[in-house]
Amino acid sequence: MTWLTFDMLRASVVCLFRRRTRLGAFTGTKRRVVRRVAGLIVLGLAAVSLAGCWPFNDPPTAAFTASPLVGRAPLTVAVSASAAFDPDGAIVQYAWEFGDGSVGVGENASRVYAEAGTYTVRLRVTDDDGEVDSSEAVLIVLPPLPTLPPDAGGGVCY
Ligand SMILES: [Ca+2]
């Protein structure tokens with residue numbers, strides 16, 4: 746019986762990189778053991794890669810819709826991140842900044858803008874490996890329509 750020695754294991758690793766090795770020092774059964782160990786190492790690395798254990802991560806993509814993008818105050822805007830995705834996992838966090846100092850969480854949210862102005866809404870998504878992506882959209886909130894004074898006398902206005 747041939748035992749796997751440190752020299753044989755080292756020769757197997759060296760053999761993987763196609764460098765000159767002391768494989769010639771082994772004969773017969775020992776040479777076959779070295780080649781089999783090298784083959785097992787290659788198969789092990791391939792199995793780990795295929796199982797997704799290799800430490801690679803595809804980043805998420807932040808995409809969202811906001812509706813409406815323009816309107817008069819007070820304007821209620823609904824945002825949805827249903828178009829955001831992670832190609833090799835899942836999105837675990839949705840964070841919103843509404844551009845007026847307020848924030849929100851969740852795939853869907855809404856915000857009422859009471860003041861006229863231009864606001865930048867930002868979505869930030871985090872995937873299950875902790876990688877982050879963000880996206881922005883600009884909203885325009887117009888001043889409210891002026892309110893007409895009530896008709897004082899019920900007369901005819903010219
Ligand atoms: Ca990912």
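Using our numbering, read the sequence shown as starting at 746 and increasing by one per residue. Beta carbons are placed, not taken as given, at the ideal position from N, Cα and C, and that holds for glycine.
- Just so you know, the alpha carbons of residue 819 and residue 878 end up roughly 30 Å apart.
- Counting other Cβ atoms within 10 Å of its Cβ, residue 784 stays below 16 and is therefore classed as exposed.
- Cβ-Cβ separation between residue 811 and residue 882: approximately 5 Å, consistent with a contact (criterion under 8 Å).
- Residue 817 and residue 873 have their alpha carbons spaced roughly 39 Å apart.
- As a beta-bridge residue in DSSP terms, residue 869 pairs with 840 and 879.
- Counting the other Cβ atoms within 10 Å of the Cβ of residue 756 gives 16 or more, which makes it buried.
- Cβ-Cβ distances below 6 Å link residue 815 to 885 in the same chain, with the five nearest sequence neighbours on each side left out; the list follows chain order.
- With a 10 Å radius around the Cβ and a threshold of 16 neighbouring Cβ atoms, residue 891 comes out exposed.
- Look at residue 863 here: in three-state DSSP terms it is strand.
- Cβ-Cβ distances below 6 Å link residue 830 to 806 in the same chain, with the five nearest sequence neighbours on each side left out; the list follows chain order.
- Residue 823 sits in a strand when the DSSP states are folded into three classes.
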